[in-house]
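Presented below is the structure to which this report refers.
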Ligand code: GDP
Ligand code: CA
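Residue numbers (my numbering): 117 to 422.
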């Protein structure tokens with residue numbers, strides 16, 4: 117069974133890891149968000165792709181929730197001592213990846229090509245594709261002004277309410293090589309429990325990808341990032357309340373109208389399915405560890421016989 121997962125960073129990566137653990141890793145293609153990408157200290161950083169890569173390779177720091185396990189911070193300490201930019205924290209081990217990627221991009225290699233090289237170097241069998249190789253950047257409009265995504269999320273701690281989102285470059289962005297082919301060839305499409313507005317919307321803003329989902333002949337299953345109306349982490353609940361008018365499963369499904377056939381919702385939301393409009397799959401959705409994430413992946417995969 118061929119599976120394509122659309123994913124943001126940390127929440128998405130946990131789910132992706134569960135999917136490759138219950139399906140065959142080589143049959144899974146992950147399409148990652150690049151709207152969060154940024155330049156830090158002259159380096160190109162792709163936070164969501166890297167979270168997925170590190171999770172798949174087992175290199176991620178489970179407790180901190182982002183970056184690499186066993187990380188050290190000598191380079192950043194040196195940057196701080198020299199009054200350089202330290203708001204976006206890059207560890208020593210992590211830096212190595214950004215150096216190689218930045219060099220490759222400057223030499224004219226595409227983001228998808230260098231990402232594929234990393235996948236191979238880490239011995240992974242799962243394809244990891246950026247949504248696009250073209251420049252696509254998420255901008256967040258607030259009462260205090262418009263900010264690049266990471267400036268709002270990390271530097272300002274996503275405290276400002278979001279008035280509007282803009283995906284710079286999305287109108288002309290083409291899906292990266294292999295993305296549309298993978299979607300068209302898939303037996304099952306999955307939307308990870310990522311933030312609908314800032315992790316999955318930038319992927320779906322690439323017209324070719326949205327159209328490929330719209331014309332699907334196979335099930336597409338989303339997993340809700342909310343449990344009991346609350347985000348496990350981050351601003352997804354506040355954004356849903358503000359943009360969709362509520363945080364019920366129906367409000368989550370409303371982010372993906374025409375794109376999904378089922379929504380995996382948590383057991384605590386099993387009685388709150390009014391107006392859902394798509395099939396509900398009720399499961400435990402909190403990924404507390406390896407068993408929990410595998411069970412969640414099995415629930416999402418359950419729609420298609422193996
Ligand atoms: P980011 O790009 O690093 O911000 O990560 P994502 O957008 O992929 O994931 C963030 C979302 O994941 C948040 O809205 C969380 O509510 C959700 N999330 C994190 N852990 C879990 C979990 O264990 N279960 C579920 N259902 N959602 C989760
Ligand atoms: Ca992200």
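The beta carbon of each residue, even a glycine, is placed where N, CA and C say it ideally should be.
Quiz prompt | Reduced DSSP secondary structure (H/G/I, E/B, other) of residue 281 | solution = Three-state DSSP puts residue 281 in a strand.
Practice problem: Use the C-beta contact count for residue 306: other C-beta atoms within 10 angstroms, 16 or more gives buried, fewer gives exposed. | Solution: buried
Quiz item: According to DSSP, what are the bridge partners of residue 261?
Solution: Its beta-bridge partners are 258.
Exercise. May I ask you to check if the CB of residue 303 is nearer than 7 Å to at least one heavy atom of ligand 2?
Key: no
Quiz prompt | Buried or exposed (CB count within 10 angstroms, at least 16 for buried), residue 123 | solution = buried
Exercise. To the nearest angstrom, report how far apart residue 424 and residue 241 are at their CA atoms.
Key: Lying outside 117 to 422, the shown extent of the chain, residue 424 is not represented and no answer is given.
Quiz prompt | For residue 261 and residue 130, the rounded distance between their alpha carbons | solution = 33 Å
Quiz prompt | Beta-carbon proximity of residue 321 to residue 286, cut-off 8 Å | solution = yes
Exercise. Measure the beta-carbon distance from residue 187 to residue 195 and round it to whole angstroms, keeping in mind my assumption that it falls under 8 Å.
Key: In fact, because the Cβ distance is near 15 Å, the residues do not count as touching under 8 Å.
Exercise. Go through its chain and collect everything with a Cβ distance to residue 175's Cβ below 7 Å, but skip five positions before and after it.
Key: 184, 185
Exercise. Going by CA-CA distance only, name the one from 290, 233, 303 that's closest to residue 118.
Key: 303
Self-check item: Helix, strand or coil at residue 250 according to DSSP, with G and I counted as helix
Solution: coil
Self-check item: Presumed contact (8 Å Cβ cut-off) between residue 270 and residue 206, rounded CB distance
Solution: About 11 Å; that fails the 8 Å criterion.
Quiz item: When the Cα of residue 214 is compared with those of 166, 263, 255, which residue comes out closest?
Solution: Out of 166, 263, 255, 166 has the C-alpha closest to the C-alpha of residue 214.
Quiz item: Between the Cα of residue 182 and the Cα atoms of 388, 298, 381, 349, which residue gives the shortest distance?
Solution: 349
Exercise. Report all residues from its chain with a CB closer than 6 Å to the CB of residue 373; omit the five preceding and five following residues, and keep chain order.
Key: none
Quiz item: Would you call residue 164 buried or exposed, if buried means 16 or more other Cβ atoms sit within 10 Å of its Cβ?
Solution: buried
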